[in-house]
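UniProt numbering applies: residue 1 is where the sequence shown begins, and numbers increase by one.
All residues carry an ideal CB built from backbone N, CA and C; glycine is no exception.
These numbers were taken from a predicted model, which means no experiment stands behind them.
The block underneath contains the structure these notes are about, expressed in structure tokens.
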Amino acid sequence: MHVYNHEHKKYNDDQIYEIVMRSNVPVHQPIVPRQTNLVDCGLYMLEYVERFLMNPYQILNYLEQDHLKWFPKVMIFIKRILIKKILNALSSGQKDYALRYQENCKMIDQQFTDTNQYDYIDEQLLEQLQVPRLQFHLSEDYNYYYDVSPSIGL
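Below you can see the structure in the form of structure tokens.
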């Protein structure tokens with residue numbers, strides 16, 4: 001934080017804004033497995049983060065290829081059970097059991113490597129592929145989106 005404060009003093013707010021506006025920060029809108037209900041968003045986010053931390057290069061490769069098979073949807077169900085059992089074990093003071101259970105779930109996760117076990121894209125994701133990509137840009141007045149690529153035909 002000290003380095004940031006020191007660097008920040010070199011520029012005023014208008015200069016910082018200009019630097020940010022001129023930089024080419026890549027923005028990605030990956031097509032990823034999506035929840036089918038209103039309660040699993042946190043579980044999906046945890047799975048995305050875990051997958052990225054386990055192998056960031058693979059995930060970055062997926063982003064470039066519009067790879068849709070990040071993980072089977074059954075992993076969300078397994079993750080819900082895992083979290084419930086770990087929380088129950090931790091609340092009852094069984095830390096060793098919770099850690100063992102977590103390791104067992106990692107082994108289960110490693111079994112899902114065959115692409116045939118992955119869910120196929122649903123119609124909504126297919127439609128989303130056909131929509132032109134949007135890129136987010138900042139404006140002095142407001143944030144806006146605009147089309148940066150041609151329509152993708154499948």
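What would DSSP say about P30, mapped onto helix, strand or coil? Sequence index remark: in the sequence shown, residue 30 carries index 30 (1-based). Reduced to three states, the DSSP call for P30 is coil.
Kindly indicate which residue of L87, D96, I86 and I76 has the alpha-carbon position closest to the one of C41. If you number the sequence shown from 1, residue 41 lands on position 41. Closest option to C41, Cα to Cα, is I76.
State the start and end residues of the unbroken alpha helix (DSSP H) segment that holds F52. The residue given as residue 52 occupies position 52 in the sequence shown. Per DSSP, the unbroken alpha helix (DSSP H) holding F52 starts and ends at C41 to M54.
K84 lies in the alpha helix (DSSP H); which residues open and close that run? Position 84 of the sequence shown, counting from 1, holds the residue named residue 84. Taken as a continuous stretch (DSSP letters only), the alpha helix (DSSP H) holding K84 covers V74 to S91.
Helix, strand or coil for Y17? Go by DSSP, reduced to three states. Position 17 of the sequence shown, counting from 1, holds the residue named residue 17. Note: Y17 maps to helix in three-state DSSP.
Which residues in the same chain have their Cβ closer than 8 Å to the Cβ of G93, if we skip the five residues on either side of it in sequence? The residue you call residue 93 lines up with position 93 of the sequence shown. None.
Span separating the alpha-carbon of residue 201 from that of F71: This structure gives no information on residue 201, because the portion of the chain shown stretches from 1 to 154.
M45 to I59 span [Cα, whole Å]: Your numbering for residue 45 matches position 45 in the sequence shown. Your numbering for residue 59 matches position 59 in the sequence shown. Their Cα atoms are separated by approximately 14 Å.
Skipping 5 residues on each side, what residues in its chain have a beta carbon closer than 6 Å to that of A98? Counted from its first residue, the sequence shown places residue 98 at position 98. So the list reads I86, A89 and L90, once near-sequence residues are dropped.
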